[in-house]
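Heads up: the sequence shown is residues 96 to 528, going by our numbering. Ideal Cβ placement from N, Cα and C applies to all residues, glycine included. Here the structure comes first, spelled out in structure tokens, and everything after it is commentary.
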Amino acid sequence: MTDTPTATSAPPKQRNFFAALEIDTRLLGMIGAFVLICLVFNFLTDGRFMTPRNLFNLTIQTASVAIMATGMVFVIVTRNIDLSVGSLLATCSAMMAMTQTWFIPDLLGFGLNHPITMPVAIVVGMMAGIVIGGFQGWLIGYLAIPAFIVTLGGFLVWRNVAWHLTKGQTIGPLDQNFQLFGGINGTLGETWSWVFAAVAILGSIYVLYQTRRTKVAHEFPVKPVWAEILMGAIIAATIIGFVTVLNAYQIPTARLERIYEARGQILPEGTVAGYGIPISVLVLILIVIVMTIIARRTRLGRYIFATGGNPEAAELAGINTRLLTVKVFAIMGVLCAISAVVASSRLTFHSNDIGTLDELRVIAAAVIGGTALAGGIGTIYGAVLGALIMQSLQSGMAMVGVDAPYQNMVVGSVLVLAVFIDILYRRRTGDKS
Numbered sequence: 096m097t098d099t100p101t102a103t104s105a106p107p108k109q110r111n112f113f114a115a116l117e118i119d120t121r122l123l124g125m126i127g128a129f130v131l132i133c134l135v136f137n138f139l140t141d142g143r144f145m146t147p148r149n150l151f152n153l154t155i156q157t158a159s160v161a162i163m164a165t166g167m168v169f170v171i172v173t174r175n176i177d178l179s180v181g182s183l184l185a186t187c188s189a190m191m192a193m194t195q196t197w198f199i200p201d202l203l204g205f206g207l208n209h210p211i212t213m214p215v216a217i218v219v220g221m222m223a224g225i226v227i228g229g230f231q232g233w234l235i236g237y238l239a240i241p242a243f244i245v246t247l248g249g250f251l252v253w254r255n256v257a258w259h260l261t262k263g264q265t266i267g268p269l270d271q272n273f274q275l276f277g278g279i280n281g282t283l284g285e286t287w288s289w290v291f292a293a294v295a296i297l298g299s300i301y302v303l304y305q306t307r308r309t310k311v312a313h314e315f316p317v318k319p320v321w322a323e324i325l326m327g328a329i330i331a332a333t334i335i336g337f338v339t340v341l342n343a344y345q346i347p348t349a350r351l352e353r354i355y356e357a358r359g360q361i362l363p364e365g366t367v368a369g370y371g372i373p374i375s376v377l378v379l380i381l382i383v384i385v386m387t388i389i390a391r392r393t394r395l396g397r398y399i400f401a402t403g404g405n406p407e408a409a410e411l412a413g414i415n416t417r418l419l420t421v422k423v424f425a426i427m428g429v430l431c432a433i434s435a436v437v438a439s440s441r442l443t444f445h446s447n448d449i450g451t452l453d454e455l456r457v458i459a460a461a462v463i464g465g466t467a468l469a470g471g472i473g474t475i476y477g478a479v480l481g482a483l484i485m486q487s488l489q490s491g492m493a494m495v496g497v498d499a500p501y502q503n504m505v506v507g508s509v510l511v512l513a514v515f516i517d518i519l520y521r522r523r524t525g526d527k528s
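Listed below in structure tokens is the structure:
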């Protein structure tokens, strides 16, 4: 007697190239848009856009907005909005500038450039950010005041608090150690940039290996081996290319002579050196790593995305959504303070207009990066790419000679287009969130 098969198993479905790599199609789209923007402006500027000097400046110009955009992802994912980030940045910047130039000299007797000045100033700024951000989160979470209204009020209040604290004065110059976070005033140099590249490549390969190992242990489907190797090669090539470009931007001879003189040395004839990775960009990279870990590996991150996906279900599941709102806005406040460090140290002083319109740039970066205004969906790397795309547009238009009002018109149009594309994408994929 022979058994007759009751069912036949279908052959495994062959995945296409990008599906095998498990690359988000929206990520590919953003990378493609960035590359296209670079190529177009490089053509329009006769090759000046993609020079090491301009790409170096592009990275340090992006850092401040990108840092805040990583926090805005959490805010928007939880179905809120924060219109006060630029004003909060100004308040934190004012607090740190006053700490360096007034409080520490008067209360502690230490002047500028003392080793204690920079860390104390940063701690003061971060404390101000977390208190103000947490307070706004409390108003939203516990008093049920809409986030739009609370942060719109914060937009008006904190900008003028900063003005009141400084009496409308520009404060500077800031501490030299503090200025290390400003970009060109603080870089790793060529050697340490390559050390960072080596560590980053090894770390990336380790993460890929551990991720595959975890999937195998839990019997989850994994990528083909060739796809893992190719992904590792792409990541390594990207890191090497990034460091190569930044190292190619050479320090001017006169500045290099001053650096050697500060060491009590004479610049050897024919010596050249590259700037390497700016410390502000290194700070951004570290924040991206930390925020990604929070989003993907921690209970807080799971609660944030669960609440954004379905607030009612999250509450029924036992998540304290009101306290969660306080935490999210407190994180946003801390990131505003860190952005204030980067922005003010890049200027080397605090000015009253620092952070103006940053709230719109930050929201635009998050949305262009794929964060859904309906909540529940967003990525940290997407927000950083969104900030980079937006800054590339503005820098490219400035180099071409487009006036500032027209630059803002283009950025606004790109924001609306990004939301429209996101809506079309969700309709096509059947995602109703």
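Cβ shell of residue i (< 6 Å), same chain only, five flanking positions each side left out
i	result
P373	I155, G278, T282
R174	G403, G470
G228	F424, A425, M427, G428
T246	D177, L178, S179
D517	none
M213	D270, N272, F273
R121	G465
R523	none
F250	L178, S179, S182
V338	S288, A292
Host alpha helix (DSSP H) of residue i (start-end)
i	result
M427	416-442
V317	Premise fails: V317 is in no alpha helix (DSSP H) and is neither H nor E.
A292	284-312
F230	212-236
S179	From DSSP, S179 is part of no alpha helix (DSSP H); its letter is neither H nor E.
M494	475-495
N137	120-139
H259	242-261
A408	406-411
R143	Note, R143: premise wrong, no alpha helix (DSSP H); not H, not E.
I199	Premise fails: I199 is in no alpha helix (DSSP H) and is neither H nor E.
L455	453-463
Candidates the options: closest to residue i by CA position
i	options	result
V219	C187, W233, P268	C187
F230	R350, W287, A322, T420	T420
V215	I225, Q195, G450	Q195
I463	G142, I171, M145	I171
A185	A295, F276, G263, H313	G263
S434	A332, L379, Q345	L379
N447	A189, I334, V385	A189
G142	V168, M494, V509, I399	M494
V506	A467, G477, V457	V457
V256	W321, A223, L351	A223
R531	T451, V497, G477	This structure cannot settle anything about residue 531, because the visible part of the chain is limited to 96 through 528.
L303	I330, I211, M504, G284	I330
I334	L297, D119, R307, Y344	L297
G548	G336, A312, F400	Here the chain comprises residues numbered 96 to 528, so residue 548 is not present and cannot be evaluated.
H259	M193, I354, R441	M193
Close-in-space but distant-in-sequence residues of the same chain around residue i (CB under 8 Å, 5 per side omitted)
i	result
K310	P316, V317
P210	N272
Counterpart residues of residue i in DSSP-defined beta bridges
i	result
P373	T282
I266	H445
Q345	G369
Beta-carbon proximity list for residue i, same chain, < 7 Å, skipping 5 on both sides
i	result
A482	T157, V160, A161, A164, A460
C133	F144, M145, S487
A357	none
I389	L395, G396
A513	V462, I463
A438	S159, L184, S188, I449, G450
G206	P200
CB contact below 8 Å: residue i versus chain B
i	result
A328	Protein chains in the displayed structure number just one, and chain B is not present.
Which parts of the region 347-402 are runs of the beta strand (DSSP E), unbroken and 3 residues or longer, counting only runs that do not cross its ends? none
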